[in-house]
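Student: Questions regarding the structure given below will be posed in turn.
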Amino acid sequence: MLLTATQPVDNSLWHQITTWFSTGSSWTGDDVTTGALPALIRHVWISLLALGIAVAIALPLAVLLARWRRGGVVVTSLANAARSIPIVGIMLLLAVGKVGIGVASAVIALVIFAIPPLLTNFYTGIRDVDPEARQAAIGMGMSRGQMTLRVELPLALPLIATGIRLAAVQVWATATIAAIIGSGGLGQLVTEGYARLRYGEVYGGVFVVVVTAIVLDLVLRRTEGELRRRFGARAAIVDGI
Numbered sequence: 020m021l022l023t024a025t026q027p028v029d030n031s032l033w034h035q036i037t038t039w040f041s042t043g044s045s046w047t048g049d050d051v052t053t054g055a056l057p058a059l060i061r062h063v064w065i066s067l068l069a070l071g072i073a074v075a076i077a078l079p080l081a082v083l084l085a086r087w088r089r090g091g092v093v094v095t096s097l098a099n100a101a102r103s104i105p106i107v108g109i110m111l112l113l114a115v116g117k118v119g120i121g122v123a124s125a126v127i128a129l130v131i132f133a134i135p136p137l138l139t140n141f142y143t144g145i146r147d148v149d150p151e152a153r154q155a156a157i158g159m160g161m162s163r164g165q166m167t168l169r170v171e172l173p174l175a176l177p178l179i180a181t182g183i184r185l186a187a188v189q190v191w192a193t194a195t196i197a198a199i200i201g202s203g204g205l206g207q208l209v210t211e212g213y214a215r216l217r218y219g220e221v222y223g224g225v226f227v228v229v230v231t232a233i234v235l236d237l238v239l240r241r242t243e244g245e246l247r248r249r250f251g252a253r254a255a256i257v258d259g260i
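The opening residue of the sequence shown carries number 20 in the numbering used here; numbering runs sequentially from there.
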C-alpha cells in the first residue's frame, strides 16, 4: 500500500485574513459570500439616507430654535435625551415591532443617533452669527427668510460642516451594527463571517469599516477647514459693511 504525504493545512488567523483579501469573491461576492464592494455600496446608501433625513430634520429645527430665547435649553435637552437612548436597543425595538427587520429600522435608529451632533452644531453656528451681520442684512432690506439663507446659514457653514462630519462618521460606524437586524452593509461581512467561523472575513470586514471611516473623517475635516477659511474671511467682510 502506498502512502502519500499530505501538505499541512494552514488555518492560522493571519492565513485566513490574507486569503480573504486575495480572493476575488471576497470583494465581488458569489452565491454564498457577500462581497465587500456590494456591501460597501449598500453601506453608503444606508448612511447617506439616514444622514440626509437627519439633516432635513435638524437644520430647520435649529433655525427656529436659534430665534427663540430659550432655544439653547431645548437643544441641550433634546440632544442629551437622544444620546441617552442606546442605539442597539432602538434597532432591536424597531425590528421586533411594526417596522420590522431590514433597512427601515436601521435608518430610523441612525437618524435618531445622528440628530444630537447635527442639532447642537447647527444651532450654535446660527446663534453665534455676529449681530452686526444681521443688522447689516436688515439695513439692506432683507426679510427674515432672506437673512437666514443669505447671511446666517453661509456664516454658520463651518459649524454646520462640523456637525455633518461628526454625524457622518458616527452613522457610518454605527451602520455596521445595523447588520444584526438585516440591513446589510459592511456589518454583514462581520456577522456572516462570525456565523460561519470564517474569521478572515470578520477581520476583513472590520478593516474595511475602520479604513473607510478614517478616510471619511479626513475628507470631511479637509472640507470643514476649507469652509472655515472661506467663510471666516466672508464674515470679516460682512462685519466691515
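Backbone N, C-alpha and C fix where the C-beta goes; we use that ideal spot for every residue, glycine too.
Just so we're clear, the structure is a prediction, and the values are computed from it rather than from any experiment.
1. Measuring straight from C-alpha to C-alpha, what distance separates Arg253 and Ala133?
2. Using the C-alpha atoms, what's the distance from Leu111 back to Pro173?
3. Might you give, ordered along the chain, the residues of its own chain that have their beta carbon closer than 7 Å to the beta carbon of Phe40, omitting 5 neighbours on each side?
4. Check whether the segment 207–214 and the segment 223–237 touch, using three or more Cβ-Cβ pairs below 8 Å as the test.
5. Which first and last residues belong to the alpha helix (DSSP H) in which Ile76 is found?
6. Could you tell me if the beta carbon of Ala100 falls within a distance shorter than 6 Å of some heavy atom in the ligand NAD?
7. What's the gap between the Cα of Ile183 and the Cα of Arg61?
8. So what's Ala128 in DSSP terms, helix, strand or just coil?
9. When you compare each of Ala55, Thr167 and Ile36 to Ala152 by their alpha carbons, which one comes out closest?
10. Per DSSP, what kind of secondary structure is Thr167 in: helix, strand or coil?
11. In the DSSP assignment, the alpha helix (DSSP H) including Val118 goes from what residue to what residue?
12. On the criterion of 16 or more Cβ atoms from any shown chain inside 10 Å, does Val115 qualify as buried, or is it exposed?
13. With 16 as the cutoff for other CB atoms within 10 Å, does Val227 come out buried or exposed?
14. Check whether the segment 53–71 touches the segment 193–205, counting contact only when three or more Cβ pairs, one atom from each stretch, lie closer than 8 Å.
15. In terms of residue numbering, what span does the alpha helix (DSSP H) encompassing Val148 cover?
16. Whole angstroms is fine: what's the gap from Leu185's alpha carbon to Ala155's?
17. Using alpha carbons as the reference points, say which of Gly108, Leu84 and Gly48 lies closest to Leu138.
18. Starting from Ile36 and walking both ways along the alpha helix (DSSP H), at which residues does that stretch end?
19. If you run the structure through DSSP and keep just helix, strand and coil, what is Ala194?
20. What's the C-alpha gap between Asn99 and Val170?
21. Near Tyr213, what residues of its chain come up, given a Cβ to Cβ distance below 7 Å and the 5 sequence neighbours on each side ignored?
22. Grab me the residues of Leu70's own chain with a C-beta within less than 7 Å of its C-beta, minus the 5 sequence neighbours each way, in chain order.
23. Measure from the alpha carbon of Ala197 to the alpha carbon of each residue in Thr42, Gly48 and Ile127, then state which is nearest.
24. Under the three-state reduction of DSSP, which class applies to Gly91: helix, strand or coil?
25. Report all residues from its chain with a CB closer than 8 Å to the CB of Ser31; omit the five preceding and five following residues, and keep chain order.
Tutor: In this structure, then:
1. Taking the sequence shown and counting its residues from 1, one reaches residue 253 at position 234. Taking the sequence shown and counting its residues from 1, one reaches residue 133 at position 114. Confidence at Arg253 is low in this model, with a pLDDT of 47, below 50, so the placement of that residue is unreliable and no value is reported for it.
2. Numbered from its first residue, the sequence shown carries residue 173 at position 154. Numbered from its first residue, the sequence shown carries residue 111 at position 92. So the two alpha carbons sit approximately 39 Å from each other.
3. Taking the first residue of the sequence shown as 1, we reach residue 40 at position 21. Gly223.
4. A contact is defined here as three or more CB-CB pairs under 8 Å, and the segment 207–214 meets this definition with respect to the segment 223–237.
5. One-based indexing of the sequence shown puts residue 76 at position 57. Per DSSP, the unbroken alpha helix (DSSP H) holding Ile76 starts and ends at Ala55 to Ala85.
6. In terms of ligand content, the structure shown is empty, and the ligand NAD therefore cannot be addressed.
7. Position 164 of the sequence shown, counting from 1, holds the residue named residue 183. Position 42 of the sequence shown, counting from 1, holds the residue named residue 61. Looking at the two C-alpha atoms, the distance is approximately 20 Å.
8. Residue 128 sits at position 109 when you count from the first residue of the sequence shown. In this structure, Ala128 counts as helix in the three-state DSSP scheme.
9. As a working mapping, residue 152 is identified with position 133 in the sequence shown. It is Thr167.
10. As a first step, residue 167 must be located in the sequence shown, where it is residue number 148. Here Thr167 sits in helix by DSSP.
11. To locate residue 118, count along the sequence shown from 1; it is residue 99. No alpha helix (DSSP H) contains Val118, which DSSP labels as neither H nor E.
12. For this step, residue 115 is matched to residue 96 along the sequence shown. Label assigned to Val115: exposed.
13. What you label residue 227 is simply residue 208 of the sequence shown in a count that begins at 1. The residue in question, Val227, is buried, as its Cβ has 16 or more Cβ neighbours within 10 Å.
14. yes
15. Walking along the sequence shown from the start, residue 148 turns up at place 129. First-last for Val148: undefined, no H or E at that position.
16. Walking along the sequence shown from the start, residue 185 turns up at place 166. Walking along the sequence shown from the start, residue 155 turns up at place 136. Their Cα atoms are separated by approximately 32 Å.
17. Position 119 of the sequence shown, counted from the start, is the residue given in the question as residue 138. With distances taken between Cα atoms, Leu138 lies closest to Leu84.
18. Position 17 of the sequence shown, counted from the start, is the residue given in the question as residue 36. If you look at Ile36, you'll find it in the alpha helix (DSSP H) that goes Leu32 to Ser41.
19. One-based indexing of the sequence shown puts residue 194 at position 175. Note: Ala194 maps to coil in three-state DSSP.
20. By 1-based counting over the sequence shown, the position of residue 99 is 80. By 1-based counting over the sequence shown, the position of residue 170 is 151. Their backbone Cα atoms lie some 29 Å apart in a straight line.
21. To locate residue 213, count along the sequence shown from 1; it is residue 194. Closer than 7 Å at Cβ, skipping near neighbours: Val221.
22. Here residue 70 corresponds to residue number 51 of the sequence shown, with the count starting at 1. Result list for Leu70: Ala133, Ala186, Ala187 and Val190, in chain order.
23. Taking the first residue of the sequence shown as 1, we reach residue 197 at position 178. Of Thr42, Gly48 and Ile127, the residue nearest in Cα terms is Ile127.
24. Mapped onto the sequence shown, residue 91 falls at position 72. In the structure shown, Gly91 sits in a helix (DSSP, three-state: H, G or I).
25. The sequence position of residue 31 within the sequence shown is 12, counting from 1. So no residue of the chain qualifies.
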